[in-house]
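Colleague: Numbering (the working numbering), first residue to last: 509 to 915. I'd like to ask some things about the structure below.
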């Protein structure tokens, strides 16, 4: 999984307590006869879809009818080819496909000419609509921030490797997650499982002095957004470069600062408001550092890193993601490695074929995607301003929809 970054994921926790009456007090009054009270009809609980099958799967249009450019198809074929080993090996938590379903397409992709990539997709795949197909796409990129391996003046923000006490709960010690996995956390000195340290606790020194520091950043704001992206580069004063890849996340829920700003009326075009883009949010953080710092700490999620040798960020499939071809998706709704087609997006740059090769902490639900744009100023500008709505189709092996009984 990549990062948890691009827009809002909200998790609400509710707790209920028992009110204990005081031991002494006024004597209760005798019961008073009252007319019968009409009881409201109890409504069944709302059950949210927990994977693509429960969200509903319907047939989409023929691939030949889609507006797919030749170069777009060729890039997507290259990305799909790289995904094939994982597609056939992984358990598809979306419930849509089995590993063997992808074998004919993957065998053909290995030797298919890129010049006829559109023909490949039309021959081996079919389109499916998940739920209503209404898509929302954001963007991410590979940031480059000022940083060093060894702490020195001006570089005081620690970058941590994954702690050894960050573990998944043993069965029976915690409630499983929606995907069936055990939650992340730690065991205390009494052997009780509990949530891992949150962002504020880590920033206050919960992990300091444990030998986990693999680097030091100059700017806490830039480092926060590197965590959102999930990978990036540290560039030292001498020009040295350290590539950072995603290692782990503390298991805490993510509430991104853009969501908090929107709730407080800080996003918009009026005086005192800011753009909802990366650039606008960073301007707010620079203009109002105290308010901004408190909002950053409201996001309890924290990402840990590892040094990587790959020349580019590595996605959830363990392969380097490709600019303008790779996207992050929720594996409960999209088979990781599957192609998808976005169309009618109100930011037209998001239109086209993408391959789901990554995940993200804020990328949850059907038809929610995070498109990857590469590195450098242009990628930063495009990804930082990407917020697009339109339509989404998944491309699945032919015969999948018949097996699923899709209309």
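Every residue gets a Cβ at the ideal spot worked out from N, C-alpha and C, and that includes glycine.
1) Do residue 878 and residue 835 have their CB atoms nearer than 8 Å?
2) Under DSSP, the alpha helix (DSSP H) around residue 811 begins and ends at which residues?
3) Please name the residue in 740, 677, 685, 708 whose C-alpha comes closest to that of residue 694.
4) Just how far apart, CA to CA, sit residue 578 and residue 585?
5) Within the segment 759-834, note down every full beta strand (DSSP E) run reaching 3 residues or more, in order along the chain.
6) Using the beta-carbon count (16 or more within 10 Å), is residue 559 buried or exposed?
7) Measuring alpha carbon to alpha carbon, tell me which residue in 660, 604, 753, 716 is nearest residue 904.
8) Fully enclosed by the segment 848-902, which alpha helix (DSSP H) runs are 4 residues long or longer?
9) What is the DSSP secondary structure of residue 633, reduced to helix, strand or coil?
10) Which residues bound the alpha helix (DSSP H) around residue 611?
11) Excluding the 5 residues flanking residue 656 on each side, which residues of the same chain have their C-beta closer than 6 Å to its C-beta?
12) Just to confirm, are residue 837 and residue 802 a CB contact at a threshold of 8 Å?
13) Excluding five sequence neighbours on each side, which residues of the same chain lie with their C-beta closer than 8 Å to the C-beta of residue 826?
14) Which partner residues of residue 905 appear in the DSSP bridge assignment?
15) Label residue 554 either buried or exposed according to how many other C-beta atoms from any shown protein chain fall within 10 Å of its C-beta, with 16 as the threshold for buried.
16) Give me the residue from 880, 749, 885 with the minimum Cα distance to residue 818.
17) Assuming residue 563 and residue 914 make a contact with CB atoms under 8 Å, what is their CB distance in whole Å?
18) Whole angstroms is fine: what's the gap from residue 777's alpha carbon to residue 870's?
19) Determine the DSSP secondary structure at residue 526, reduced to helix, strand or coil.
20) Between residue 649 and residue 853, what straight-line distance do the alpha-carbon atoms span, to the nearest angstrom?
21) Give me the residue from 629, 892, 636, 911 with the minimum Cα distance to residue 988.
22) Can you look up residue 911 in the DSSP assignment and give me helix, strand or coil?
23) Assuming contact is defined by CB atoms lying nearer than 8 Å, are residue 668 and residue 720 in contact in what I supplied?
24) Please name the residue in 910, 608, 850 whose C-alpha comes closest to that of residue 580.
25) Among 568, 565, 638, 574, which one has its Cα closest to the Cα of residue 860?
26) How far does the beta strand (DSSP E) with residue 704 in it extend, from its first residue to its last?
27) Which stretch, first to last residue, makes up the beta strand (DSSP E) that contains residue 666?
28) Pairing CB atoms from the segment 682-690 with CB atoms from the segment 607-627, are three or more of them under 8 Å?
29) What number of angstroms, rounded off, separates the C-alpha of residue 674 from the C-alpha of residue 812?
30) Could you compute how far the alpha carbon of residue 909 sits from the alpha carbon of residue 631?
31) From residue 899 to residue 717, what distance separates their C-alpha atoms?
32) For residue 756, which residues from the same chain have a beta carbon less than 7 Å from its beta carbon, with the 5 sequence-adjacent residues on both sides left out?
33) Express the C-alpha separation of residue 876 and residue 661 in angstroms, rounding to a whole number.
34) Rounded to whole angstroms, what's the CA-CA distance from residue 741 to residue 820? Just pull it up for me.
35) Go ahead and label residue 609 buried or exposed: buried means 16 or more other beta carbons lie within 10 angstroms of its beta carbon, across all protein chains shown.
36) Identify which residue in 847, 892, 902 has its Cα closest to the Cα of residue 625.
Modeller: Walking through what the data contain:
1) Along the chain shown, read from residue 1 onward, the residue named residue 878 stands at position 370. Along the chain shown, read from residue 1 onward, the residue named residue 835 stands at position 327. Yes, the pair counts as a contact, with Cβ atoms nearer than the cut-off.
2) One-based indexing of the chain shown puts residue 811 at position 303. According to the DSSP assignment, residue 811 belongs to no alpha helix (DSSP H) but to the beta strand (DSSP E) extending over 811-815.
3) One-based indexing of the chain shown puts residue 694 at position 186. The residue with the shortest Cα to Cα distance from residue 694 is 677.
4) In the chain shown, residue 578 corresponds to position 70, counting from 1. In the chain shown, residue 585 corresponds to position 77, counting from 1. Each residue's Cα considered, the two are about 11 Å apart.
5) The segment 759-834 contains, as complete beta strand (DSSP E) runs of 3+ residues, the segments 811-815 (chain order).
6) Here residue 559 corresponds to residue number 51 of the chain shown, with the count starting at 1. Buried, since its Cβ has 16 or more Cβ neighbours within 10 Å.
7) Your numbering for residue 904 matches position 396 in the chain shown. Looking at the Cα atoms, 604 is the closest of the given residues.
8) If you keep only unbroken alpha helix (DSSP H) runs of at least 4 residues inside the segment 848-902, you get 885-892.
9) Within the chain shown, residue 633 is the residue found at index 125, counting from 1. Taken through DSSP and simplified to helix, strand or coil, residue 633 comes out as strand.
10) Taking the first residue of the chain shown as 1, we reach residue 611 at position 103. 611-617 is the span of the alpha helix (DSSP H), which, as asked, contains residue 611.
11) Numbered from 1 along the chain shown, position 148 holds the residue referred to as residue 656. Here residue 656 has 663, 724, 744 as same chain residues with Cβ atoms under 6 Å from its own Cβ, once five neighbours each way along the sequence are excluded.
12) Mapped onto the chain shown, residue 837 falls at position 329. Mapped onto the chain shown, residue 802 falls at position 294. Taking a C-beta distance under 8 Å as the contact criterion, residue 837 and residue 802 do not qualify as a contact pair.
13) Start at 1 with the first residue of the chain shown, and residue 826 comes out as number 318. Result list for residue 826: 594, in chain order.
14) As a first step, residue 905 is located in the chain shown; it is residue number 397 there, counting from the start. The beta-bridge partner set that DSSP reports for residue 905 consists of 633.
15) Translated into the one-based positions of the chain shown, residue 554 becomes position 46. Reliability of the predicted coordinates at residue 554 is poor, the pLDDT of 48 falling under 50, and the value obtained from them is presented with this limitation in mind. Around the CB of residue 554, fewer than 16 other CB atoms lie within 10 Å, so the residue is classed as exposed.
16) Translated into positions along the chain shown, residue 818 becomes position 310. Closest in alpha carbon position to residue 818, among 880, 749, 885, is 749.
17) The sequence position of residue 563 within the chain shown is 55, counting from 1. The sequence position of residue 914 within the chain shown is 406, counting from 1. No, residue 563 and residue 914 are not in contact; Cβ-Cβ is about 12 Å, not under 8 Å.
18) Indexing the chain shown from 1 puts residue 777 at position 269. Indexing the chain shown from 1 puts residue 870 at position 362. Going from the Cα of residue 777 to the Cα of residue 870 covers about 25 Å.
19) Position 18 of the chain shown holds residue 526. Because the pLDDT of residue 526 is 29, which lies under 50, any placement of that residue in the model is unreliable, and the number read from its coordinates should be weighed accordingly. Residue state, collapsed to three classes: coil.
20) Along the chain shown, read from residue 1 onward, the residue named residue 649 stands at position 141. Along the chain shown, read from residue 1 onward, the residue named residue 853 stands at position 345. Cα to Cα, the separation comes out at about 19 Å.
21) What is shown of the chain runs 509 to 915, which leaves residue 988 out entirely.
22) As a working mapping, residue 911 is identified with position 403 in the chain shown. When secondary structure is reduced to three states using DSSP, residue 911 falls in the helix class.
23) What you label residue 668 is simply residue 160 of the chain shown in a count that begins at 1. What you label residue 720 is simply residue 212 of the chain shown in a count that begins at 1. For residue 668 and residue 720, yes; Cβs fall inside 8 Å.
24) If you number the chain shown from 1, residue 580 lands on position 72. That would be 850, whose Cα lies nearest to the Cα of residue 580.
25) Here residue 860 refers to the residue found at position 352 when the chain shown is read from its first residue. Selected option, being the one with the closest Cα: 574.
26) Here residue 704 refers to the residue found at position 196 of the chain shown. Counting along the chain, residue 704 falls outside any beta strand (DSSP E), and DSSP gives it neither H nor E.
27) The count along the chain shown starts at 1 and reaches residue 666 at position 158. 665-668 is the span of the beta strand (DSSP E), which, as asked, contains residue 666.
28) The segment 682-690, when compared against the segment 607-627, does not touch it at the 8 Å Cβ threshold.
29) Locating residue 674 in the chain shown gives position 166, where the first residue counts as 1. Locating residue 812 in the chain shown gives position 304, where the first residue counts as 1. If you draw a straight line from the Cα of residue 674 to the Cα of residue 812, it comes to about 11 Å.
30) What you label residue 909 is simply residue 401 of the chain shown in a count that begins at 1. What you label residue 631 is simply residue 123 of the chain shown in a count that begins at 1. The alpha-carbon atoms of residue 909 and residue 631 are separated by roughly 15 Å.
31) The residue you call residue 899 lines up with position 391 of the chain shown. The residue you call residue 717 lines up with position 209 of the chain shown. Here the alpha carbons of residue 717 and residue 899 stand approximately 49 Å from one another.
32) Stepping through the chain shown from its first residue, residue 756 is reached at position 248. Close CB contacts of residue 756 within its chain, under the 7 Å cut and outside five residues either way in sequence, are with 670, 674, 812 (chain order).
33) As a first step, residue 661 is located in the chain shown; it is residue number 153 there, counting from the start. As a first step, residue 876 is located in the chain shown; it is residue number 368 there, counting from the start. Using only the alpha carbons, I get a separation of about 41 Å.
34) Residue 741 sits at position 233 when you count from the first residue of the chain shown. Residue 820 sits at position 312 when you count from the first residue of the chain shown. Spanning the two alpha carbons is a distance of roughly 9 Å.
35) As a first step, residue 609 is located in the chain shown; it is residue number 101 there, counting from the start. So residue 609 ends up on the buried side.
36) Looking up residue 625 in the chain shown gives position 117. For the residues 847, 892, 902, the minimum Cα distance to residue 625 belongs to 847.
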